[in-house]
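In the UniProt record's numbering, the protein residues as written are 1 to 389.
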């Protein structure tokens, strides 16, 4: 209760201070508004002075919100729109709260005075089916308690309204940013778990439909060669088995490459993308505009975005030409993959949604532009430093 009472008292002080500051803001706006309508050449020093005054009022508002309402806006917005709305809300809400405080205090003091001084008189209270006799002191103190409860609700409601108004005009506070960050991390964690599960299923399908089938075929060929009495037939079966073993090794390399290419760790992103371009089967042009190697998590994400986009363009869109462009600025690195295929890529599909979850888990942005008939552009933007939490 002590913490709750302290919170209510702080909010009350903040609301009452907001009422007083709101009166000042309304007076300022009434004086500043005509100045903004005048030509700047008429009073050249007027507009800068008005701007400085608005900045000082915004500073006072931020200090009031942080000190009494436990809200520290993180944005740099505001301006006359916020001052006008805040002043109106603050004056009306503060007046209502101040009135409730005054009335409840008046009733409480009056009830105590009558009780101590012996001036209380009998007051009959008629209820449906019941007649109660009490005194004026009890009635006054009961009314004071009811008004105090209403005052607490009004003060808390005003504090909430002030914080939401600040969120809208000045940017969200630190608590709101933390809440959003926790929600985002929860969603991206669930997304990356789903992406890992989808990737495991894909690997299992690759192993079952490709590697395992070739392994069975190789075993059958060797078995037939072992039991064949005809040396010529045995030699033919062994040759077929040798061919099948080479194809099995190629399939294993392909599966391993799709899981994670060793060239990415050993040679870097440029060489890994060059390998993807060579295996694509269509012309793939890579413009590598990164000055230094990204951190491991970001580099891996860039690689998988490019590889999946190239694979989809060749396999599903029938693309004949693909362009991969990697760029960077001071804080982010980006990859954009464009193709001239049939388009119609579905961002909610298994491959692209998995890429989106991987990118979002690193605080990145993932976009898909793919109209029916093409072209298609898939892009990802990632921070240069991977997030810690």
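Yeah, the Cβ is synthetic: ideal placement off N, Cα and C, and Gly gets one too.
Query, Result
"What is the DSSP secondary structure of residue 142, reduced to helix, strand or coil?", "helix"
"Starting from residue 339 and walking both ways along the alpha helix (DSSP H), at which residues does that stretch end?", "No alpha helix (DSSP H) holds residue 339; the beta strand (DSSP E) holding it covers 332-339."
"Give the DSSP-derived three-state secondary structure of residue 381 in the structure shown.", "strand"
"When the Cα of residue 308 is compared with those of 153, 15, 380 and 168, which residue comes out closest?", "380"
"Is the stretch 19-39 in contact with the stretch 76-93, if contact means three or more CB pairs nearer than 8 Å?", "yes"
"Please go through the stretch 45-94 and give each complete alpha helix (DSSP H) segment of 4 or more residues, from N-terminal end onward.", "46-68"
"Ordered along the chain, which non-local residues of its own chain (more than five positions away) have a Cβ less than 7 Å from that of residue 15?", "93, 94, 97, 155, 158 and 159"
"Could you round the C-beta distance between residue 342 and residue 306 to whole angstroms and report it? I think they count as a contact, below 8 Å.", "So it is not a contact: roughly 20 Å between Cβ atoms."
"At what residues does the beta strand (DSSP E) containing residue 208 begin and finish?", "Residue 208 -> no beta strand (DSSP E), and no H or E assigned at all."
"Mapping DSSP to helix, strand and coil, what is residue 328?", "strand"
"Use the C-beta contact count for residue 366: other C-beta atoms within 10 angstroms, 16 or more gives buried, fewer gives exposed.", "buried"
"Let me know the secondary structure DSSP gives residue 391 once reduced to three states.", "Residue 391 falls outside the range modelled here, since the chain spans only 1 to 389, and no answer is possible."
"Can you look up residue 295 in the DSSP assignment and give me helix, strand or coil?", "coil"
"Report buried or exposed for residue 358, applying the criterion of at least 16 other Cβ atoms within 10 angstroms of its Cβ.", "buried"
"Beta-carbon separation of residue 382 and residue 301 under 8 Å?", "yes"
"Can you tell me whether residue 147 is buried or exposed, with buried defined as 16 or more other CB within 10 angstroms of its CB?", "buried"
"Assign residue 370 to one of three DSSP states: helix, strand, or coil.", "strand"
"Going by the beta-carbon positions, is the gap between residue 60 and residue 21 smaller than 8 Å?", "yes"
"Can you tell which of 86, 102 and 139 has its C-alpha closest to the C-alpha of residue 111?", "139"
"Going by the DSSP bridge assignment, what does residue 227 pair with across the sheet?", "Per DSSP, none; premise fails for residue 227."
"Using the three-state DSSP reduction, which class does residue 344 fall into: helix, strand or coil?", "coil"
"Would you call residue 398 buried or exposed, if buried means 16 or more other Cβ atoms sit within 10 Å of its Cβ?", "In the structure as shown, the chain starts at 1 and stops at 389, and residue 398 therefore has no counterpart that could be examined."
"Helix or strand or just coil, what does DSSP make of residue 290?", "coil"
"Within 10 angstroms of its Cβ, does residue 246 collect 16 or more other Cβ (buried), or is it exposed?", "exposed"
"Could you pull the DSSP bridge partners for residue 284 from this structure?", "322"
"Measuring alpha carbon to alpha carbon, tell me which residue in 339, 228 and 385 is nearest residue 369.", "339"
"Please state whether DSSP places residue 1 in a helix, a strand or coil.", "Because residue 1 sits at a pLDDT of 45, beneath the cut-off of 50, its placement in the model cannot be relied upon, and the following sentence gives the value as read from the coordinates. It is coil, neither helix nor strand."
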